[in-house]
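The numbering of the sequence shown is the numbering used here, which starts it at 582 and goes up by one.
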Amino acid sequence: MISLTLQNIFIAVGLFVTSYYTFRFVFLLVDILLPGKSLSNYGAGKDGWAVVTGATDGIGRALCIEMAQKKMNLILVSRNMEKLNTLKAELEEFGIKVKVVSIDFASAASKDWDSVKNVIESVNVSALINCAGLSHDYPKPFEQEDLSRCDDILEVNCNSLTKMTRLVIPRMKTRRNGLILNIGSFVSTVPSPYLAMYSGSKSFVQVFSQALGAELARCGSSQPFTTVPYFSHALINYIVETYMSRKFWLNLSKGHLEGIRKRALAKQAKAKKQ
Ligand SMILES: NC(=O)c1ccc[n+]([C@@H]2O[C@H](COP(=O)([O-])OP(=O)(O)OC[C@H]3O[C@@H](n4cnc5c(N)ncnc54)[C@H](OP(=O)(O)O)[C@@H]3O)[C@@H](O)[C@H]2O)c1
Numbered sequence: 582m583i584s585l586t587l588q589n590i591f592i593a594v595g596l597f598v599t600s601y602y603t604f605r606f607v608f609l610l611v612d613i614l615l616p617g618k619s620l621s622n623y624g625a626g627k628d629g630w631a632v633v634t635g636a637t638d639g640i641g642r643a644l645c646i647e648m649a650q651k652k653m654n655l656i657l658v659s660r661n662m663e664k665l666n667t668l669k670a671e672l673e674e675f676g677i678k679v680k681v682v683s684i685d686f687a688s689a690a691s692k693d694w695d696s697v698k699n700v701i702e703s704v705n706v707s708a709l710i711n712c713a714g715l716s717h718d719y720p721k722p723f724e725q726e727d728l729s730r731c732d733d734i735l736e737v738n739c740n741s742l743t744k745m746t747r748l749v750i751p752r753m754k755t756r757r758n759g760l761i762l763n764i765g766s767f768v769s770t771v772p773s774p775y776l777a778m779y780s781g782s783k784s785f786v787q788v789f790s791q792a793l794g795a796e797l798a799r800c801g802s803s804q805p806f807t808t809v810p811y812f813s814h815a816l817i818n819y820i821v822e823t824y825m826s827r828k829f830w831l832n833l834s835k836g837h838l839e840g841i842r843k844r845a846l847a848k849q850a851k852a853k854k855q
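So this is what it looks like as structure tokens:
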């Protein structure tokens, strides 16, 4: 009798655990496979504008091209005016309107922020993509990193992101519509030794975004959440969040970054010899 009850308990626990992991995996597939919300909800093809920081290179540039293809007007923000104007000309080929603002987030004065504000307030901004980001040149022990680089990481990754967000929220709230996309990183999911400032700054981005999303839910925000939309990254994120301990992943990351650091130092030594 007793063994039968124990057997039932084991079966119930087994079913619960299997259902839990199956549900999480199905949720992951749904998140990746379902199409996202159309940009037309934010004015693409009409009079909507998106502001993109870090627009001239990498992920920011790729997002600008995708949005231009979907007929979203764009305000491009980064430091280099020449690169901004080249990209502007390229994007205008898609038949959209493009404005540019040059600002160095690491050292911006209030007049620079006024320029950004003026451009943002001159049009109907319905989307903000905070993409500009700064990391370390290579993995370094925290106490060996220049303090000025530590300050710049906080300015670019955290302070500028919050200031940009403050600039767009009032009108989004009035219209009860808007998209704010803050680009994070795995270094916030798995703390990254030797990239401590960058890792901490991206953790700020993740937690700030989720807290703000929950605040804005009252104003019609559909869902405060963090997503990893690229399939292989989403799978890694699922594995990291589901299996093994945080300490396990942290130690794995430490070993990986120590390897990168060793190779970077060897490369520097070789360059010095030449
Ligand atoms: N690449 C990756 O593997 C990776 C992985 C995880 C997360 N991320 C995140 O994704 C975002 C984009 O990364 P990415 O690698 O695509 O960037 P990237 O290629 O290095 O481009 C950075 C962009 O930001 C602008 N920028 C840099 N410093 C700036 C400053 N002080 N003020 C204003 N603009 C500045 C740059 O333009 P100017 O030089 O003209 O100013 C450029 O447009 C970042 O937030 C990064 O942390 C990247």
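All C-beta atoms in this analysis are idealised placements derived from N, C-alpha and C, irrespective of residue type, glycine included.
Report task. Over the uninterrupted beta strand (DSSP E) stretch that includes residue 708, give me the two end residues. Result -> The residue labelled residue 708 in the question sits at position 127 within the sequence shown. Boundaries of the beta strand (DSSP E) around residue 708: 706-711.
Requested in this report: Please confirm whether any heavy atom of ligand 1 lies closer than 7 Å to the CB of residue 645.
Outcome: To locate residue 645, count along the sequence shown from 1; it is residue 64. Because no heavy atom of ligand 1 lies under 7 Å away, the Cβ of residue 645 does not count as near it: no.
Report task. Give the straight-line distance between the Cα atoms of residue 796 and residue 843, rounded to the nearest whole angstrom. Result -> Within the sequence shown, numbered from 1, the residue matching residue 796 stands at position 215. Within the sequence shown, numbered from 1, the residue matching residue 843 stands at position 262. Answer to the nearest angstrom: the Cα atoms are 44 Å apart.
Requested in this report: Only counting runs of 4 or more residues, tell me where the alpha helix (DSSP H) segments fall wholly within the segment 637-690, in order along the chain.
Outcome: Taking 4 residues as the minimum length, the alpha helix (DSSP H) runs contained wholly in the segment 637-690 are 639-650 and 662-673, in order along the chain.
Query raised in the report: Cβ of residue 625 within 8 Å of Cβ of residue 652?
Result: In the sequence shown, counting from the first residue as 1, residue 625 sits at position 44. In the sequence shown, counting from the first residue as 1, residue 652 sits at position 71. Yes, the pair counts as a contact, with Cβ atoms nearer than the cut-off.
**Report entry** Three-state secondary structure assigned by DSSP to residue 760
**Finding:** Taking the sequence shown and counting its residues from 1, one reaches residue 760 at position 179. The answer is strand: DSSP assigns residue 760 an E or B state.
Query raised in the report: Roughly how many angstroms lie between the CA atoms of residue 758 and residue 747, to the nearest whole one?
Result: Here residue 758 refers to the residue found at position 177 of the sequence shown. Here residue 747 refers to the residue found at position 166 of the sequence shown. Spanning the alpha carbons of residue 758 and residue 747 requires a straight line of approximately 15 Å.
Requested in this report: Kindly indicate the opening and closing residues of the beta strand (DSSP E) around residue 633.
Outcome: Indexing the sequence shown from 1 puts residue 633 at position 52. Taken as a continuous stretch (DSSP letters only), the beta strand (DSSP E) holding residue 633 covers 630-634.
**Report entry** ligand 1 heavy atom lying under 7 Å from the CB of residue 664
**Finding:** On the sequence shown, position 83 is the one that residue 664 refers to. Yes, since a heavy atom of ligand 1 falls inside the 7 Å radius drawn around the Cβ of residue 664.
**Report entry** Cβ neighbour criterion (16 or more within 10 Å) applied to residue 741
**Finding:** On the sequence shown, position 160 is the one that residue 741 refers to. Residue 741 should be labelled buried.
Report task. Using beta-carbon positions only, say whether residue 779 and residue 716 come within less than 8 Å of one another. Result -> To locate residue 779, count along the sequence shown from 1; it is residue 198. To locate residue 716, count along the sequence shown from 1; it is residue 135. In this structure, residue 779 places its C-beta atom within 8 Å of the C-beta atom of residue 716.
**Report entry** Sub-8 Å separation of residue 815 and residue 736 beta-carbons
**Finding:** On the sequence shown, residue 815 is found 234 positions in, with the first residue counted as 1. On the sequence shown, residue 736 is found 155 positions in, with the first residue counted as 1. No, Cβ-Cβ distance for residue 815 and residue 736 is not below 8 Å.
Query - Assigned exposure category for residue 634 - 16 Cβ within 10 Å defines buried - result: Stepping through the sequence shown from its first residue, residue 634 is reached at position 53. The C-beta of residue 634 has 16 or more other C-beta atoms within 10 Å across all chains shown, which makes the residue buried.
Requested in this report: Put residue 819 into one of helix, strand or coil per three-state DSSP.
Outcome: The sequence position of residue 819 within the sequence shown is 238, counting from 1. Correct three-state label for residue 819: helix.
Query raised in the report: Would residue 702 be called buried (16 or more neighbouring beta carbons within 10 Å of its own) or exposed?
Result: Within the sequence shown, numbered from 1, the residue matching residue 702 stands at position 121. Result: exposed.
Requested in this report: Using 7 Å as the cut-off, classify the Cβ of residue 809 as near or not near the heavy atoms of ligand 1, replying yes or no.
Outcome: Position 228 of the sequence shown, counted from the start, is the residue given in the question as residue 809. Incorrect: residue 809 has no Cβ contact closer than 7 Å to ligand 1.
Requested in this report: Indicate the three-state DSSP secondary structure (helix, strand or coil) for residue 703 in the structure shown.
Outcome: Reading the sequence shown from its first residue, position 122 is the one you call residue 703. In the structure shown, the three-state DSSP call for residue 703 is coil.
Requested in this report: Under 7 Å Cβ to Cβ from residue 616, same chain only, skipping five residues before and after it: list those, please.
Outcome: As a working note, residue 616 is residue 35 in the sequence shown. Within the same chain, residue 616 has no close Cβ partners at all.
Query raised in the report: Closest to residue 783 by CA distance: which of 677, 768, 662 and 793 is it?
Result: Here residue 783 refers to the residue found at position 202 when the sequence shown is read from its first residue. When only C-alpha atoms are compared, the closest one is 768.
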